[in-house]
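One structure is given here, and the rest of the page talks about it.
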Amino acid sequence: MILSRRECEYLKEFYTSDETLLTPTYFSRKYGVARATAQKIINKLREKGFLLRIKGKGYILSDEGRKMASYLYRRHMVLEYALWKAGLSKEYACALASKIENGLSEEDVEILWLAVGKPSKCPCGYVIPEVRV
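The opening residue of the sequence shown carries number 5 in this note's numbering; numbering runs sequentially from there.
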C-alpha cells in the first residue's frame, strides 16, 4: 500500500505519542496545517484501516495501524543506520532518512538491513522493530 509522506508522519506520531488519543487539532498544531487538512489525512488513514475513531475523543491506531507504524519506524531506522555507517552524523543521517525513506520498498529495507549487518538498534540507541508488512 502506498502512503504519502504526511500519512507516514501521522502514523509514526500516533505510534510514539505519549497521548492516548490524538485529534486533528493536535496535528494541526504540530505540523502547522489547517485543522481541515489534518482531518483529511486522518480520514485517509481511517479509510485504509489504520485508525479507529473514539467518538467525541479522537483517534487511535488499529492493530493494522500499529503494525504499519512499527514497520515505518523499522524502515527509517535501518536507513538511518546505513547512512550513519557510511560516515554521516547521527543527526544528518536521521534527517536524510526522513527525506528519502518513502522511496524504499520492503525488499529494499531488508536488503539494506542485511548489508549493514542486521543491526538491532539505530544510531540513537532505539531498538529497531522486527515487524515486516
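From the three backbone atoms N, C-alpha and C, an ideal C-beta is built for every residue, glycine too.
- Taking every protein chain shown into account, the CB of Gly107 has fewer than 16 other CB atoms within 10 angstroms, so this residue is exposed.
- About 21 Å separates the beta carbons of Leu92 and Cys12, which is beyond the 8 Å limit, so they are not a contact pair.
- Residue pairing by DSSP puts Gly62 in a beta bridge opposite Ile58.
- When the beta-carbon positions are compared, Tyr19 and Arg79 stay at least 8 Å from each other.
- In this structure Val135 does not touch Ser66 by the C-beta definition: roughly 15 Å separates them, more than the 8 Å allowed.
- Under the DSSP definition of a beta bridge, Leu26 partners with Tyr63.
- Shown here, Val131 sits in a strand according to DSSP, grouped into three states.
- The C-alpha of Arg10 is placed about 19 Å away from the C-alpha of Leu25.
- With a contact defined as Cβ atoms closer than 8 Å, Thr27 and Gly53 miss out at about 19 Å.
- Apart from the 5 residues on each side of it in sequence, Ala38 sits with its Cβ closer than 8 Å to the Cβ of Ser32 in its chain, given in chain order.
- The three-state reading of DSSP puts Lys52 in coil, since its state is none of H, G, I, E or B.
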